[in-house]
Amino acid sequence: MSGLPQPRMEPVDGLPTRVRVYEVAPRDGLQAETDILPTAVKAELCRRLYEAGSRDLEVTSFVPATWIPQFADAERLVAGLDVPTGARAVGLVPNLRGLHRAIDAGVREVSVVVSASESFARANLNTSREGAVERAEEVAAAATAEGVPVRGYVSMAFGDPWEGAVDPATVVEAAVRLYRAGCSTVAVSDTIGVGTPGLTTRVVRDVLAAGIPVEAVALHLHDTYGQGLANVYAALSLGVAEFDSSVGGLGRCPYAKGATGNLATEDLVWMLHGLGIETGLDLGALAATTAWLARVRGVAAPSNVATALAAAASAVDTPSTAGGGR
Numbered sequence: 001m002s003g004l005p006q007p008r009m010e011p012v013d014g015l016p017t018r019v020r021v022y023e024v025a026p027r028d029g030l031q032a033e034t035d036i037l038p039t040a041v042k043a044e045l046c047r048r049l050y051e052a053g054s055r056d057l058e059v060t061s062f063v064p065a066t067w068i069p070q071f072a073d074a075e076r077l078v079a080g081l082d083v084p085t086g087a088r089a090v091g092l093v094p095n096l097r098g099l100h101r102a103i104d105a106g107v108r109e110v111s112v113v114v115s116a117s118e119s120f121a122r123a124n125l126n127t128s129r130e131g132a133v134e135r136a137e138e139v140a141a142a143a144t145a146e147g148v149p150v151r152g153y154v155s156m157a158f159g160d161p162w163e164g165a166v167d168p169a170t171v172v173e174a175a176v177r178l179y180r181a182g183c184s185t186v187a188v189s190d191t192i193g194v195g196t197p198g199l200t201t202r203v204v205r206d207v208l209a210a211g212i213p214v215e216a217v218a219l220h221l222h223d224t225y226g227q228g229l230a231n232v233y234a235a236l237s238l239g240v241a242e243f244d245s246s247v248g249g250l251g252r253c254p255y256a257k258g259a260t261g262n263l264a265t266e267d268l269v270w271m272l273h274g275l276g277i278e279t280g281l282d283l284g285a286l287a288a289t290t291a292w293l294a295r296v297r298g299v300a301a302p303s304n305v306a307t308a309l310a311a312a313a314s315a316v317d318t319p320s321t322a323g324g325g326r
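1 is the number of the first residue of the sequence shown in UniProt numbering; add one for each residue after it.
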């Protein structure tokens, strides 16, 4: 996709100069999809993402296949990956058993999930809100003892489909406990995409005020109401420099009614590059990956940037036959 449009760069003072884009398409992007992708396709997706410059990739989840059939092949996938030097291949684990599976498979970094709401903890994590935090603390302690870094998610940090508004104090409490348990990063997660810039600012400020350094805070955003990029900008203004996204906007939470896709990686990178913020990612390669996966799955590519770049590529390949203006 060389020669295609690129965002016009116009830096804004006070924003981070470099952002880590944490790619979740192979895990969060695929977990709720009903078409079970072959292991070879998942491995090819990871390969293409690494080639596009991704160095922070969540590749699978070590959950029971009865919970999420999409990840029954977690060990086979990890065994077939060629992870570039300096890149990450993170596996999500629900408990100690999942942690041991991940370590035995060769995974050297894991992630854990807690919930800011009681209802989501019971629907998604099969325990109470407190039980989920205690279990994550247990996993973090065991992983740290093995020299395995841990990343933590606080799900439903901006709203819950059953309970509605979520008290920011419960988000802060969970985030602090994950950080104190040894999570190197705490991803404050808008699982159903109901956040707005004002709410994002409030929650992130509260998390930072509780003593978690900004370098340890990330945002995991869904774009249900089209607020994803606005929420990114709000967090950038507070110094946050790590954001989760999914190539093509792939993914939704299977337990969160009404949730649509994750924030699309291409859309996020277009905005960041337009702000003069470095990501290390190749925008054209990301869009090409989205187009490839859409063809393989027989679905439309949902991200705005991938769609626009594909149209631009088509226009380049097909010269106009219209008469010239005078």
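A virtual CB, placed ideally from N, CA and C, is assigned to each residue, including glycine.
- The beta strand (DSSP E) enclosing GLY280, as first and last residue numbers: Looking at the DSSP string, GLY280 is not in any beta strand (DSSP E), and its letter there is neither H nor E.
- Message: Using a Cβ-Cβ cutoff of less than 6 Å, which residues in the same chain neighbour PRO149 once the five nearest sequence positions on both sides are dropped?
- Response: GLU109 and SER184
- Task: Tell me whether ARG88 counts as near the ligand FAD, meaning its Cβ is closer than 6 Å to at least one heavy atom of that ligand.
- Result: With respect to the ligand FAD, the structure shown offers nothing to examine, as it has no ligands at all.
- Mind the definition here: the segment 185-194 touches the segment 128-147 only if three or more C-beta pairs lie below 8 Å; say whether that holds. no
- Are TYR242 and SER303 touching if we call contact CB-CB under 7 Å? The sequence shown places Glu at residue 242, not Tyr. With contacts defined as CB atoms closer than 7 Å, GLU242 and SER303 fail to qualify as a contacting pair.
- Coil, strand or helix - ARG88 by DSSP: If DSSP states are grouped into helix, strand and coil, ARG88 belongs with the strands.
- Query: Under the rule that 16 or more other beta-carbon atoms within 10 Å means buried, what is PRO11, buried or exposed?
  - Reply: exposed
- Query: Skipping 5 residues on each side, what residues in its chain have a beta carbon closer than 6 Å to that of PRO5?
  - Reply: Hits under 6 Å: ALA312.
- Query: Do the CB positions of LEU77 and THR60 come within less than 7 Å of each other?
  - Reply: Contact: yes.
- Query: Run through DSSP, which three-state label would ASP35 get?
  - Reply: coil
- Leaving out five residues before and five after TYR225 in sequence, what residues of the same chain have Cβ atoms less than 7 Å from its Cβ? Cβ-Cβ distances below 7 Å link TYR225 to GLY193 and VAL194 in the same chain, with the five nearest sequence neighbours on each side left out; the list follows chain order.
- Message: Spatial neighbours of ARG129 within its chain, please: C-beta separation below 6 Å, excluding the five flanking residues on both sides.
- Response: SER115, GLU118 and ALA121
- Spell out the partners DSSP gives ASN231 in its beta bridges. ASN231 is not bridged to any residue.
- Message: Once the 5 residues before and after THR17 are set aside, which same chain residues still bring their CB inside 7 Å of it?
- Response: Cβ-Cβ distances below 7 Å link THR17 to ILE277 and GLU278 in the same chain, with the five nearest sequence neighbours on each side left out; the list follows chain order.
- Query: Given that a residue counts as buried once 16 or more other Cβ atoms are within 10 Å of its Cβ, and exposed if not, what is ARG27?
  - Reply: buried
- Task: Leaving aside the five residues before and after ALA105 along the sequence, list all residues of the same chain whose C-beta is less than 8 Å from its C-beta, in chain order.
- Result: Excluding residues up to 5 positions away in sequence, PHE62, ALA74, GLU75, VAL78, ALA79 and GLY91 lie with their Cβ nearer than 8 Å to the Cβ of ALA105 in the same chain.
- Which residue or residues does DSSP assign as beta-bridge partners of HIS222? Looking at the DSSP assignment, HIS222 forms a beta bridge with ASN262.
- Message: If distances are taken between C-alpha atoms only, which option among VAL217, HIS220, ARG101 and GLN31 comes closest to TRP67?
- Response: GLN31
- Short Cβ contact (7 Å threshold) for ALA174 with THR200: No, the Cβ-Cβ distance between ALA174 and THR200 is not below 7 Å.
- Message: Below 8 Å on the Cβ atoms is my contact criterion, and I expect LEU96 with VAL133 to pass it. Report the Cβ-Cβ distance as a whole number of Å.
- Response: That belief does not hold up - the Cβ atoms of LEU96 and VAL133 are roughly 15 Å apart, past 8 Å.
- Item | For VAL133, the first and last residue of its enclosing alpha helix (DSSP H) | 129-145
- Query: Which first and last residues belong to the beta strand (DSSP E) in which VAL186 is found?
  - Reply: 185-190
- Could you name the residues of the same chain whose beta carbon sits closer than 7 Å to that of MET1, not counting the 5 residues immediately before and after it, in chain order? Residue placement at MET1 is poorly supported in this model, since its pLDDT is 48, which falls under 50; the coordinates still yield a value, given next. Result list for MET1: GLY284, ALA287, ALA288, LEU309 and ALA313, in chain order.
- Query: When you compare each of LEU125, GLY86 and ASN262 to ARG55 by their alpha carbons, which one comes out closest?
  - Reply: GLY86
- Task: Quickly, what does DSSP pair GLY164 with across the bridge? List them, please.
- Result: ASP160
- Taking GLY274 and ALA264 to be in contact with their CB atoms under 8 Å, please state how far apart those CB atoms are, rounded to whole angstroms. Actually they do not touch by this definition, with Cβ atoms about 15 Å apart.
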